[in-house]
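*Asks:*
Numbering (the UniProt record's numbering), first residue to last: 1 to 216.
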């Protein structure tokens, strides 16, 4: 059934289209939602992150960006607020708008993602499609939490962040004060200090962040 879940995630097909070789689609769906609600998926990800960090496989220079996913027009019919048959929930509390919003392409959802240099996901935030990137900078970074072996505190702060011009607000630079905030634009240079004292250094993107998002 795990392979059935992987197939569904990769294809985005309706649950009823899950091939019979993976078992009844109802059981595949039930396993996915049950593990989502009891945080099993989150615990699996944390274990994998902890193992990767312990083996030196996480490079703590983070790339941050977003991408928009089109939603089917029928998605707009989901019940909201108190009208929902069951309260939103799962790994995190689901917003009342189900992360659906109107943009030029119609109903859309936006994925905000932070990955390390080898494209391992560290934090993911889902919002309505029309939400701007800049206000999501801090929530995405605060979602980074990689457990350490033993009783040590989880690591939550990267050594540097690579982001484009959309994240370059004064508030974001102030939040990341004292560390290296990297922009992918040629008008920022190594060692430059911004007027508010935050460190700015120029670097180009490493692996294509879009590939990391599509690979989830």
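Just so it is clear, CB atoms sit at the ideal spot from N, CA and C, and this is done for glycine as well. This one's a predicted model, so the numbers in the text were calculated from it and none came from an experiment.
(1) Which residues mark the beginning and the end of the beta strand (DSSP E) in which residue 109 is found?
(2) Report back the beta-carbon spacing between residue 101 and residue 131 to the nearest angstrom; my notes put them in contact at under 8 Å.
(3) Whole-angstrom Cβ separation of residue 126 and residue 99, contact assumed at under 8 Å?
(4) Hey, would you say residue 250 sits closer than 9 Å to residue 5, going by beta carbons?
(5) Quick one: using the 10 Å Cβ neighbour count with 16 as the cut-off for buried, is residue 191 buried or exposed?
(6) Please list, in chain order, all residues of the same chain as residue 111 whose beta carbon is under 7 Å from its beta carbon, the five residues on each side excluded.
(7) So, with DSSP's three-state summary, where would you put residue 140?
(8) With hydrogens ignored, establish whether the beta-carbon of residue 117 is closer than 8 Å to any heavy atom of the ligand ATP.
(9) Taking only the alpha-carbon atoms, compute the straight-line gap between residue 38 and residue 46 and give it to the nearest angstrom.
(10) Assuming residue 62 and residue 161 make a contact with CB atoms under 8 Å, what is their CB distance in whole Å?
(11) Taking only beta-carbon positions, decide if residue 136 is within less than 9 Å of chain D.
(12) Sorted by chain position, which residues of the same chain lie with C-beta nearer than 6 Å to residue 138's C-beta, five sequence neighbours on each side aside?
(13) Would you kindly report the start and end of the unbroken alpha helix (DSSP H) that includes residue 53?
(14) Flag this pair as yes or no: are the beta carbons of residue 57 and residue 118 separated by less than 9 Å?
(15) Going by the DSSP bridge assignment, what does residue 121 pair with across the sheet?
(16) Just the Cα atoms here: how many angstroms apart are residue 21 and residue 10?
(17) Out of 172, 19, 129, state which residue places its alpha-carbon closest to the alpha-carbon of residue 104.
(18) So what does DSSP say about residue 28, is it helix, strand or coil?
(19) Going by Cα to Cα distance, which pick from 153, 134, 156, 155 is closest to residue 170?
(20) Do you know how far the Cα of residue 2 is from the Cα of residue 17?
(21) Can you give me the Cβ contacts of residue 172 inside the same chain, cut-off strictly under 6 Å, excluding the 5 residues immediately before and after it?
*Replies:* Looking at the atomic coordinates:
(1) 106-115
(2) 7 Å
(3) 5 Å
(4) With the chain running from 1 to 216 in the structure shown, residue 250 is simply not present.
(5) Annotation note: pLDDT 41 at residue 191 (below 50); position unreliable, coordinate value reported separately. Counting Cβ neighbours within 10 Å, residue 191 comes out exposed, since fewer than 16 surround it.
(6) 66, 67, 69, 124, 126, 213
(7) helix
(8) This structure lacks the ligand ATP; in fact it carries no ligand of any kind.
(9) 14 Å
(10) 5 Å
(11) No chain D is present in this structure, which holds just one protein chain.
(12) 175
(13) 40-54
(14) yes
(15) 115
(16) 16 Å
(17) 129
(18) helix
(19) 134
(20) 15 Å
(21) 137
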